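Taking it in order: structure first as structure tokens, then the write-up.
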Ligand code: GCW
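Residue numbers (the numbering used here): 10 to 661.
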């Protein structure tokens, strides 16, 4: 009896240890030693080595001549030397070596030289003081009551891919983010992240002098306002001597800004930059602006920022979303990137999947970001920011595969030329297994997943036809009275009896004109416009002949159906992965993929049946026909806030 009981316990514990919960992210090496305690970033580098490195002796050497954060790794005769100009470079070199070890790659005869593309590789958390995370699909804020053990994993994960900055709070910033109480909390976090070479930054509310300081104005040219900011900044630097600076969303979506006081973005940004300069702090000023009155939201960043090109202080960087509208599954790049010539710029990617199935869909974002870099030269930018997908969920990101997007962001901020395949390969080997029977098929799934999402959500240049509010699922018909037009899908898809799409040519809103000549000509002409952005730039007649020979309507139908079939294929591939993955992660991913296949059908059926009410054309015979009914789908709503992940999608 006793023996049977013990056996049961033993059996249970084996199964339990085989199961992984994803909390270790891609850092799954087990400790081989207990490190001696050392401090500072170099201390962290030594500790990581002592704890996890299984190879021969490694020397960490400070060496002049290399750019900051860069490193070399050279190994000869069993001895490895990591050299770098600064301690962070040594730490990155150590993580490189550990990555090779974890992937089972050769760790001898190395001759590696790595230099980051950007000095600033930064996460933006949209975390609120009450613990909610805007567009957060992985639980609540990790910064609310930071757990030291989790903060250590967070710091290690970031440093392991070279991320060296983090903005702790939402760009829709509450004034209290700068209260002494909150600054104390920020200090505590900064103290935990500093040994990993990570600096903290804060988003600020431009009206803080009024709402926190009790002043009558927040006019950036007012002497008292400037004094208020100086005092506040001095207070911050007393607590956090290496504080990085401010991120600002101003005069956008109801947030206050310098325009409220008759001043420009440059006036506002430069005032803050002046106050931060003595401390070597910077201002990241967002270009995400649009007004309800304008004829085309996509035009507005250029309209507002081009007249200010060259007027910003040198410690201001303009932070621009990759596309001109808002993190859609596919957008052309924001033309501001090529229009502005005299202003430092950085790109803002969205790691959290606000418009890509939240934490339910497997969508690997590296291909999307690489696509951006095929239009915008990496060297034309100063830095890279990513809106984090991190929360207090056990597996950090809600979906095990969403961890890959955090990883990919860091790798691309270090080197935008790394291919999506390589990133997926590295991440799979570290996070799951080096077994090729998993790595090869799942790498393909990851690399194909973004195009699949575009297909089942918004093919051929469609955009912003999401459900209002939470943005999960299709709602191309969403147009309630009183909601501003540019927050409703019909503003973007413009479906009518003639066709579908937004005329942004010179006959329409002339958005195409904001691109360099060569691209302007390409986009402005329907016969040369790439089909993957066709309805972004053109109102396309239903019978327009596509390159495939099909009519536009038939092509649209087929694209949606392709997306559905691709997701079913992803599920089938994953189903076959069971032998190579622990049960827990296998089941969790499988469940999410099942949701995704059903959501893909929901997208296809809702969009095609709705657009069919305009096109009056049949769904082609040679594809699967909708399995749902439009009326029912139009009544269906998921009632969640923008701080939650839906437990499942369409379930009727
Ligand atoms: O993507 C949109 C989101 C908002 C967000 C805003 C922004 C933080 O729907 O939730 O607010 O953009 O980027 O400022």
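Note that CB positions come from ideal geometry on N, CA and C, so glycine has one too.
Bear in mind the structure is a predicted one, so any value in this text is a computation, not a measurement.
Hey, could you find the ends of the alpha helix (DSSP H) residue i is sitting in?
i: residue 98; result: 96-111
i: residue 487; result: Residue 487 -> no alpha helix (DSSP H), and no H or E assigned at all.
i: residue 293; result: Not the alpha helix (DSSP H): residue 293 falls in the beta strand (DSSP E), residues 291-295.
i: residue 652; result: First-last for residue 652: undefined, no H or E at that position.
i: residue 55; result: 49-61
i: residue 223; result: That residue, residue 223, is in no alpha helix (DSSP H); it is neither H nor E in DSSP.
i: residue 503; result: Note, residue 503: premise wrong, no alpha helix (DSSP H); not H, not E.
i: residue 201; result: 189-202
i: residue 496; result: From DSSP, residue 496 is part of no alpha helix (DSSP H); its letter is neither H nor E.
i: residue 563; result: 561-584
i: residue 614; result: 592-624
i: residue 440; result: 429-440
i: residue 376; result: 375-382
i: residue 642; result: 639-644
i: residue 243; result: 232-248
How long is the line joining the alpha carbons of residue i and residue j, rounded to whole angstroms?
i: residue 628; j: residue 643; result: 19 Å
i: residue 603; j: residue 27; result: 24 Å
i: residue 587; j: residue 580; result: 12 Å
i: residue 660; j: residue 649; result: 15 Å
i: residue 428; j: residue 583; result: 23 Å
i: residue 614; j: residue 638; result: 8 Å
i: residue 17; j: residue 591; result: Legend: pLDDT at residue 17 = 44, less than 50; position of this residue unreliable, no value from coordinates given.
i: residue 51; j: residue 91; result: 12 Å
i: residue 378; j: residue 526; result: 23 Å
i: residue 493; j: residue 306; result: 12 Å
i: residue 112; j: residue 430; result: 15 Å
i: residue 646; j: residue 301; result: 26 Å
i: residue 304; j: residue 500; result: 10 Å
i: residue 641; j: residue 328; result: 42 Å
i: residue 115; j: residue 450; result: 23 Å
i: residue 415; j: residue 155; result: 19 Å
i: residue 226; j: residue 570; result: 55 Å
i: residue 401; j: residue 85; result: 43 Å
i: residue 658; j: residue 636; result: 15 Å
i: residue 81; j: residue 141; result: 41 Å
i: residue 555; j: residue 242; result: 57 Å
Taking residue i as part of the beta strand (DSSP E), name the residues at either end of that continuous run.
i: residue 302; result: No beta strand (DSSP E) holds residue 302; DSSP gives it neither H nor E.
i: residue 174; result: 174-176
i: residue 354; result: 354-359
i: residue 123; result: 120-123
i: residue 212; result: 208-213
i: residue 449; result: Not the beta strand (DSSP E): residue 449 falls in the alpha helix (DSSP H), residues 445-466.
i: residue 330; result: 325-330
i: residue 131; result: 129-133
i: residue 255; result: 254-257
Leaving out the 5 sequence neighbours to the left and right, which residues in its chain are closer than 8 Å to residue i when beta-carbon positions are compared?
i: residue 12; result: With a pLDDT of 45 at residue 12, under the threshold of 50, the modelled position of that residue is not reliable, and no figure is offered here.
i: residue 60; result: 40, 41, 42, 43 and 44
i: residue 185; result: 138, 191 and 221
i: residue 656; result: none
i: residue 216; result: 184, 227, 265 and 269
Can you tell me which residues form a DSSP beta bridge with residue i?
i: residue 71; result: 93
i: residue 88; result: 85
i: residue 403; result: Looking at the DSSP assignment, residue 403 forms no beta bridge with any residue, so it has no partner.
i: residue 509; result: 549
i: residue 410; result: The partner list for residue 410 (beta bridge, DSSP) is empty, contrary to what the question assumes.
i: residue 393; result: 130 and 356
i: residue 475; result: 483
i: residue 80; result: 93 and 123
i: residue 165; result: Bridge partners of residue 165: none, in fact.
i: residue 554; result: 560
Using C-beta distances below 7 Å, list every residue in its chain close to residue i, excluding the 5 sequence neighbours before and after it, in chain order.
i: residue 651; result: 143, 144, 478 and 479
i: residue 594; result: 29, 31 and 409
i: residue 344; result: 311, 333, 523 and 524
i: residue 547; result: 510, 512, 514, 535 and 538
i: residue 195; result: 177, 209, 211 and 249
i: residue 273; result: 267 and 317
i: residue 363; result: 144, 336 and 480
Between which residues of its own chain and residue i is the CB-CB distance below 6 Å, once the five residues before and five after are set aside?
i: residue 34; result: 166 and 412
i: residue 458; result: 371, 372 and 373
i: residue 654; result: 146, 367, 368 and 407
i: residue 76; result: 124
i: residue 385; result: 342 and 346
Using a Cβ-Cβ cut-off of 8 Å, state whether residue i counts as contacting chain D.
i: residue 633; result: Absent from the structure: chain D. Only one protein chain is present.
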